[in-house]
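Student: Each residue of the sequence shown is one higher than the one before, counting from 6 in my numbering.
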Amino acid sequence: MVNNIVNIPQDTKTVDVLEIINTFQTTRYQGSKRKILPWLYDCTKDLNFETVLDAFGGSGMVSCLFKHMGKKVTYNDIFKFNKIIGESTIENNNVLLTEDDIKHILEPKNAKFSFISNTFKDIYYLNDENNWLDMAIYNIESLSDIYKGKELRFKKAIAYNALFQACMAKRPYNLFHRKNLNMRIRNVKRNFGNKSTWDKPFPVHFVNFVNEINKSIYDSGKKCRTICSDVFSIKQTNYDAVYLDPPYIKRKGERNETADYLGCYHFLEGIANYSSWPQIIESDSPNKRIQKSYAPNYFTGSDASELFERLIKKFRKSVIILSYKYGGDPTIDDLSKIILKYKTQLKVYDRHYKYALNKKNRDETINREYLIIGY
Ligand SMILES: C[S@@+](CC[C@H](N)C(=O)[O-])C[C@H]1O[C@@H](n2cnc3c(N)ncnc32)[C@H](O)[C@@H]1O
Numbered sequence: 006m007v008n009n010i011v012n013i014p015q016d017t018k019t020v021d022v023l024e025i026i027n028t029f030q031t032t033r034y035q036g037s038k039r040k041i042l043p044w045l046y047d048c049t050k051d052l053n054f055e056t057v058l059d060a061f062g063g064s065g066m067v068s069c070l071f072k073h074m075g076k077k078v079t080y081n082d083i084f085k086f087n088k089i090i091g092e093s094t095i096e097n098n099n100v101l102l103t104e105d106d107i108k109h110i111l112e113p114k115n116a117k118f119s120f121i122s123n124t125f126k127d128i129y130y131l132n133d134e135n136n137w138l139d140m141a142i143y144n145i146e147s148l149s150d151i152y153k154g155k156e157l158r159f160k161k162a163i164a165y166n167a168l169f170q171a172c173m174a175k176r177p178y179n180l181f182h183r184k185n186l187n188m189r190i191r192n193v194k195r196n197f198g199n200k201s202t203w204d205k206p207f208p209v210h211f212v213n214f215v216n217e218i219n220k221s222i223y224d225s226g227k228k229c230r231t232i233c234s235d236v237f238s239i240k241q242t243n244y245d246a247v248y249l250d251p252p253y254i255k256r257k258g259e260r261n262e263t264a265d266y267l268g269c270y271h272f273l274e275g276i277a278n279y280s281s282w283p284q285i286i287e288s289d290s291p292n293k294r295i296q297k298s299y300a301p302n303y304f305t306g307s308d309a310s311e312l313f314e315r316l317i318k319k320f321r322k323s324v325i326i327l328s329y330k331y332g333g334d335p336t337i338d339d340l341s342k343i344i345l346k347y348k349t350q351l352k353v354y355d356r357h358y359k360y361a362l363n364k365k366n367r368d369e370t371i372n373r374e375y376l377i378i379g380y
């Protein structure tokens, strides 16, 4: 049965929006805006736009908010695994993964897939977990024995979204940037609760996430779509508004490995390209990452101001809604100046934000999230 969710009426108070946002699936994706969606709603609810491009879509949470606000959303991300996440909840309006589908995916079969068990031994997961992943992927692919067309695409998207979330939940730091399975299995005294999440079996995580995703699916009555492109290659630039949440570039000299989204999530991108994974993997890397040439990474801090200027110029016809974090390169002042070259008005909102895994979280002067709107 399709969910009975309604669009957020125009004049809804932020506190009431929270209730709707609580129905969105959870995620451990780095940089996800899920926690600050009520604030984003508050800052954007009075802006006049119908079509919107979420250019760095990631976990899809902001697209989900815009969809609920009745906008025609185009979700984009450079990675295929993220696009699949967007397909499951942004593009999809009414297809759910049923109990029978879940049974089909979880039922041990004579799986013919073994790439993960052969390639990733002792890197991210235990042997039986690697075997389970190969089997689950085989079973998700074989949904094509039962469904076809759009229904098949959306059922697979829900299943892969749940699988990706489960993969993140079971990883130290929720990332794949290092070969560090030993962090999980070392017999040491721990004072945090992640160990039980890491050790929770894959099928349990998977079913929990499918239930969450199923609950987020609804029809807003407006056409929403997903694309998978490097932001600078997107052809259409006549959206009423463009939401920009690019990887965070730290000031020169600071370590910046988390801005490398391919380095952090190559394993999920590999699952999304399972049959061509052997061709794109860097076999002699310690953590078996995907070759850097697979996707451009501009967000490395070489010339950040020039990069942002290119971005803003590209979308100068649209209202620019830019998420930013204190301490990045360029500075908020520099960014504002760049935006004012192409836009006549600027609004800057900021708030304290507790970032995951950040030791300086209580410092309200450093940990600030910005929303810069140029129109
Ligand atoms: C900070 S995250 C966005 C988080 C998102 N707003 C959310 O709520 O989950 C940045 C995203 O940009 C994507 N990305 C990186 N380089 C890109 C590029 N050149 N073109 C498009 N997307 C890119 C990454 O895959 C990542 O998902």
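All C-beta atoms in this analysis are idealised placements derived from N, C-alpha and C, irrespective of residue type, glycine included. Nothing here was measured: the structure is a model prediction, and the numbers come from that model.
#1: Could you spell out the range, first to last residue, of the alpha helix (DSSP H) harbouring T49?
#2: Hey, quick one: how far does the beta strand (DSSP E) through L168 stretch, first residue to last?
#3: Just mark F237 as buried or exposed, buried being the case when its beta carbon has 16 or more other beta carbons within 10 Å.
#4: Do I151 and ligand 1 come close, with the Cβ less than 8 Å from some heavy atom?
#5: Hey, how far is the Cα of T202 from the Cα of H210?
#6: Are the segment 169-185 and the segment 99-116 touching by the rule of at least three beta carbon pairs closer than 8 Å?
#7: Does any heavy atom of ligand 1 sit closer than 8 Å to the C-beta of D339?
#8: Taking Cβ to Cβ, would you say I26 is nearer than 9 Å to I10?
#9: Measure the Cβ-Cβ separation of D355 and Y375 and say whether it is below 9 Å.
#10: Name the residue from V100, N144, N98 whose alpha carbon lies nearest to the alpha carbon of S119.
#11: Compare the beta carbon distance of T231 and Y34 with 9 Å and say whether it is the shorter of the two.
#12: Helix, strand or coil for I232, going by three-state DSSP, please let me know.
#13: Between C269 and H182, how many whole angstroms is the CB-CB distance? I'm expecting something under 8 Å.
#14: Looking at C-beta atoms only, is the number of pairs between the segment 28-46 and the segment 65-74 that lie closer than 8 Å three or more?
#15: CB-CB under 7 Å to W44, same chain, minus the five flanking residues each way: which ones, in chain order?
#16: Please confirm if the segment 318-330 is in contact with the segment 238-256, defined as three or more CB-CB distances below 8 Å between the two stretches.
#17: Looking only at DSSP bridge pairs, what is I388 linked to?
#18: Pull up the CB-CB distance for N166 and I239, whole angstroms please, since I reckon it's below 8 Å.
#19: According to DSSP, simplified to helix, strand and coil, what is E374?
#20: Which residues in the same chain as V212 place their Cβ atom closer than 7 Å to its Cβ, once the five residues preceding and following it in sequence are excluded?
#21: With a threshold of 8 Å, establish whether the CB of T32 neighbours any heavy atom of ligand 1.
#22: For T17, which three-state DSSP category applies?
#23: Taking the C-alpha atoms as reference points, what is the distance between T305 and A264?
#24: Could you pull out every residue in the same chain whose Cβ sits closer than 6 Å to the Cβ of A162, ignoring the five residues on either side in sequence?
#25: Return the CA-CA distance between K319 and F61, expressed in angstroms with no decimal places.
#26: Tell me, to the nearest whole angstrom, how far the beta carbon of I295 is from that of I286; I am working on the premise that it is less than 8 Å.
#27: Report the residue from E262, M140, I121 whose alpha carbon sits nearest the alpha carbon of E410.
#28: I83: beta carbon under 8 Å from a heavy atom of ligand 1?
#29: With DSSP as the reference, please indicate the residues paired to V247 in a beta bridge.
#30: What residue range does the alpha helix (DSSP H) around L111 cover?
#31: Smallest Cα separation from A300: which of L345, L316, S234?
#32: Since T79 sits in a beta bridge, which residues does DSSP pair it with?
#33: Should A246 be listed as close to ligand 1, given that the test is whether its C-beta is under 8 Å from any heavy atom?
#34: With DSSP run on the structure shown, which of helix, strand or coil describes L101?
#35: Would DSSP call D339 helix, strand or coil?
#36: Compare the beta carbon distance of Y152 and F272 with 9 Å and say whether it is the shorter of the two.
Tutor: Let me lay it out:
#1: 42-49
#2: Counting along the chain, L168 falls outside any beta strand (DSSP E), though it belongs to the alpha helix (DSSP H) covering 154-174.
#3: exposed
#4: no
#5: 9 Å
#6: no
#7: no
#8: no
#9: yes
#10: N144
#11: no
#12: strand
#13: 5 Å
#14: yes
#15: R356
#16: yes
#17: The question about residue 388 has no answer here: the residues shown for the chain are numbered 6 through 380.
#18: Not confirmed; about 23 Å, so no contact.
#19: strand
#20: I107
#21: yes
#22: coil
#23: 7 Å
#24: I89, E92, S93
#25: 14 Å
#26: 6 Å
#27: Because the chain spans 6 through 380 in this model, residue 410 falls outside it and cannot be assessed.
#28: yes
#29: L58, I325
#30: 104-111
#31: S234
#32: L58, R230
#33: no
#34: coil
#35: helix
#36: no
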